[in-house]
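So the structure is just underneath, and the comments pick up after that.
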Amino acid sequence: MRIGHIIQSSSLATGGPVTAMFAMCNALLQVGSVCNIACRNRNEEIESDLDPRITISTMDIGRIPFTNRNEMIKLIHFIQDVDILHLHGLWDSLPGAAAGLAERFRKPYVVSLHGMLLNRSMANHSFRKKIYLFINGKKIMRHASALHFTTQLELSQSQPFLPNGTERVVIPLTIDNRLFKKLPDEKQWRNYFPQLPTSWPRLVFLSRIHPVKNLPSLINAMPWLVKEFPGLHLVVAGNGEKEYIRHIHQSINNAGISQAIYFVGSVSGEAKVALLRSATILTIPSFHENFGMSIAEGLMCEVPALITPDIGIGTEIIACGAGIPCREDHESISAAIAGALHNPEKLRIAGDNGRNWALKTLAPGTIATSILNLYIKISMKR
0 MRIGHIIQSS SLATGGPVTA MFAMCNALLQ VGSVCNIACR NRNEEIESDL DPRITISTMD
60 IGRIPFTNRN EMIKLIHFIQ DVDILHLHGL WDSLPGAAAG LAERFRKPYV VSLHGMLLNR
120 SMANHSFRKK IYLFINGKKI MRHASALHFT TQLELSQSQP FLPNGTERVV IPLTIDNRLF
180 KKLPDEKQWR NYFPQLPTSW PRLVFLSRIH PVKNLPSLIN AMPWLVKEFP GLHLVVAGNG
240 EKEYIRHIHQ SINNAGISQA IYFVGSVSGE AKVALLRSAT ILTIPSFHEN FGMSIAEGLM
300 CEVPALITPD IGIGTEIIAC GAGIPCREDH ESISAAIAGA LHNPEKLRIA GDNGRNWALK
360 TLAPGTIATS ILNLYIKISM KR
């Protein structure tokens, strides 16, 4: 079966949806599907997580009527050459154009919402998003063969905005087992990050540097933690808007903890796995996560994770004994981290629990089979 994945940007620097799509495509390839990707923006330098047999095509398509005829023809050819389209996202111009053309050429499509209808997401630019839903978004969802959600939490919070009649499925995301099946030595991080200290404990923030990820609260927790645990440091792996990052650095300087926080930029592939293996705790105290892809990757590396209330897979992680629950404020974050660090044996057990859960629940073969069965079910209805 030929699957065409459509996403606005295929750069891993944009966050979890791209990582999730790459892992999904890699897994589908293993169960016999042919997957190709169309995007508007691309960064070829950080596509190491994608199987080289999967091609990525760029199409510079803006909002209608502000688009290029030749680019639209490229998209039409892409759509005509597949059996099913899988759209990633709802607000962007390329998935929107692809949905309209899919309807025109009678190609079935699935939409993965990637948390775009979650409560906190809808609260950001709420009026603009509701207008778009009224004009175009609900039409895209109504004509979809299925809407894909990654957790029950996402489906539950999205319900008020969903059209009647469209099939809704909950299928978790998967982890690329090529990277995580055999874990590297815990000291391999030195090959990629020689600038980092050899002291411990090490906290790792692996995510986009964006307000929703709540990095300032983690930074505000650091002064007390550094005093309580000499040698403790935080590694921030990710990129973001320059002005926001400048603000983050200013906060760090004002708090006098610049010697305990290290920025290493966006990481992927083996470097990412090596960094995660070196972590004591994965600390991403997000205000909300549709799924929590980086957290799942950390679990695969036997790293327990800080879990705030609106993490999509948070309930499952707490239940399996791999999570450290806390609220989003810096007092709760520092207390949760300190409590965990004071009990290293419990941390070790939590790491084992997390990897066992991730291997069982997020196995590529299991998830790919569920996705493929959805595609087959859709095709049989045509």
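For the sequence shown, the positions run 0 to 381 when numbering that gives the first Met the number 0 is used.
We treat Cβ as the ideally placed atom computed from N, Cα and C, and that holds for glycine.
Only a predicted model underlies this, so the values are computations on that prediction, with no experimental measurement involved.
Review point. When the Cβ atoms of the stretch 100 to 114 are set against those of the stretch 127 to 135, are three or more pairs found closer than 8 angstroms?
Key: no
**Study point:** Segment limits, beta strand (DSSP E) that includes residue 261
**Key:** Within the sequence shown, the letter at position 262 stands for residue 261. Residues 260 to 262.
Review point. Closest by CA to residue 348, which one among 322, 333, 291, 365?
Key: Walking along the sequence shown from the start, residue 348 turns up at place 349. For the residues 322, 333, 291, 365, the minimum Cα distance to residue 348 belongs to 322.
Check your understanding: Using the beta-carbon count (16 or more within 10 Å), is residue 188 buried or exposed?
Key -> Along the sequence shown, read from residue 1 onward, the residue named residue 188 stands at position 189. The residue is buried, with at least 16 neighbouring Cβ atoms inside 10 Å.
Point to revise | Coarse secondary structure for residue 51, derived from DSSP in three states | key: Taking the first residue of the sequence shown as position 1, residue 51 is located at position 52. Residue state, collapsed to three classes: coil.
Point to revise | Selected residue, minimal CA-CA separation from residue 272, among 259, 262, 294, 172 | key: Translated into positions along the sequence shown, residue 272 becomes position 273. Ranking 259, 262, 294, 172 by Cα distance to residue 272 puts 294 first.
Exercise for review: Would you mind working out which of 77, 157, 70, 199 sits nearest residue 227, comparing C-alpha positions?
Suggested key: As a first step, residue 227 must be located in the sequence shown, where it is residue number 228. Cα-wise, what sits closest to residue 227 is 199.
Practice item. Inspect the CB distances between the stretch 174 to 191 and the stretch 211 to 221 and report whether three or more fall short of 8 angstroms. Key: no
Review point. Any idea what DSSP makes of residue 61, helix, strand or coil?
Key: Your numbering for residue 61 matches position 62 in the sequence shown. Looking at residue 61 - three-state DSSP - the assignment turns out to be coil, as it is neither helix nor strand.
Review point. So, using beta-carbon positions, are residue 173 and residue 367 closer together than 8 angstroms?
Key: The count along the sequence shown starts at 1 and reaches residue 173 at position 174. The count along the sequence shown starts at 1 and reaches residue 367 at position 368. A contact, by the Cβ cut-off of 8 angstroms.
Review point. Does the beta-carbon distance from residue 310 to residue 285 come in below 8 angstroms?
Key: Stepping through the sequence shown from its first residue, residue 310 is reached at position 311. Stepping through the sequence shown from its first residue, residue 285 is reached at position 286. Contact flag set, yes.
Point to revise | Alpha-carbon to alpha-carbon, residue 16 and residue 25 | key: Counting from one through the sequence shown, the residue named residue 25 turns up at place 26. Counting from one through the sequence shown, the residue named residue 16 turns up at place 17. Cα to Cα, residue 25 sits roughly 14 angstroms from residue 16.
Exercise for review: Going by DSSP, name the residue or residues bridged to residue 232.
Suggested key: Looking up residue 232 in the sequence shown gives position 233. 201, per the DSSP bridge assignment.
Practice item. Quick one: give me the first and last residue of the alpha helix (DSSP H) that residue 77 is part of. Key: Numbered from its first residue, the sequence shown carries residue 77 at position 78. Its alpha helix (DSSP H) spans residues 68 to 79.
Exercise for review: Check the C-beta distance from residue 233 over to residue 259 and give it rounded, since I have them as a contact under 8 angstroms.
Suggested key: Working through the sequence shown from its first residue, we reach residue 233 at position 234. Working through the sequence shown from its first residue, we reach residue 259 at position 260. Yes, they are in contact, since the Cβ atoms of residue 233 and residue 259 sit about 6 angstroms apart, within 8 angstroms.
Review point. Distance, Cα to Cα, residue 237 vs residue 67?
Key: Here residue 237 refers to the residue found at position 238 when the sequence shown is read from its first residue. Here residue 67 refers to the residue found at position 68 when the sequence shown is read from its first residue. Roughly 33 angstroms separates the two Cα atoms.
Review point. How would you call residue 229, buried or exposed, if buried means at least 16 neighbouring beta carbons within 10 angstroms?
Key: Here residue 229 refers to the residue found at position 230 when the sequence shown is read from its first residue. The residue is exposed, with fewer than 16 neighbouring Cβ atoms inside 10 Å.
Review point. By DSSP, does residue 243 sit in helix, in strand, or in coil?
Key: Here the question's residue 243 lines up with position 244 in the sequence shown. Residue 243: helix per DSSP, three-state reduction.
Point to revise | From 159, 156, 224, 94, residue whose alpha carbon lies closest to that of residue 139 | key: On the sequence shown, position 140 is the one that residue 139 refers to. The option with the nearest alpha carbon to residue 139 is 94.
Exercise for review: Give me the Cα-Cα distance between residue 115 and residue 167, rounded to the nearest whole angstrom.
Suggested key: Translated into positions along the sequence shown, residue 115 becomes position 116. Translated into positions along the sequence shown, residue 167 becomes position 168. One C-alpha to the other measures close to 15 angstroms.
Practice item. Decide if the stretch 325 to 342 is in contact with the stretch 350 to 364; the criterion is three or more beta carbon pairs, one per stretch, under 8 angstroms apart. Key: no
Check your understanding: Under a three-way DSSP split, which group does residue 95 fall into?
Key -> The residue given as residue 95 occupies position 96 in the sequence shown. Three-state result, residue 95: helix.
Point to revise | Alpha carbon of residue 111 to alpha carbon of residue 287, nearest angstrom | key: In the sequence shown, counting from the first residue as 1, residue 111 sits at position 112. In the sequence shown, counting from the first residue as 1, residue 287 sits at position 288. Approximately 17 angstroms between the Cα atoms of the pair.
Point to revise | Within-8 angstroms CB hit, residue 169 to chain D | key: The question asks about chain D, but that chain is absent: this structure has only one protein chain.
Practice item. Could you please give me the residues that DSSP links to residue 35 through a beta bridge? Key: Here the question's residue 35 lines up with position 36 in the sequence shown. 3.
**Study point:** Closest residue to residue 355 among 316, 380, 19, 345 (Cα-Cα distance)
**Key:** Along the sequence shown, one-based indexing puts residue 355 at 356. Residue 355 has its Cα closest to that of 316, out of 316, 380, 19, 345.
Exercise for review: Identify the continuous alpha helix (DSSP H) that holds residue 131 and give its terminal residues.
Suggested key: In the sequence shown, counting from the first residue as 1, residue 131 sits at position 132. First-last of the alpha helix (DSSP H) with residue 131: 125 to 131.
Point to revise | Top-ranked residue by Cα proximity to residue 241, from 210, 18, 122, 56 | key: Taking the first residue of the sequence shown as position 1, residue 241 is located at position 242. Comparing Cα-Cα distances from residue 241 to each of 210, 18, 122, 56, the minimum goes to 210.
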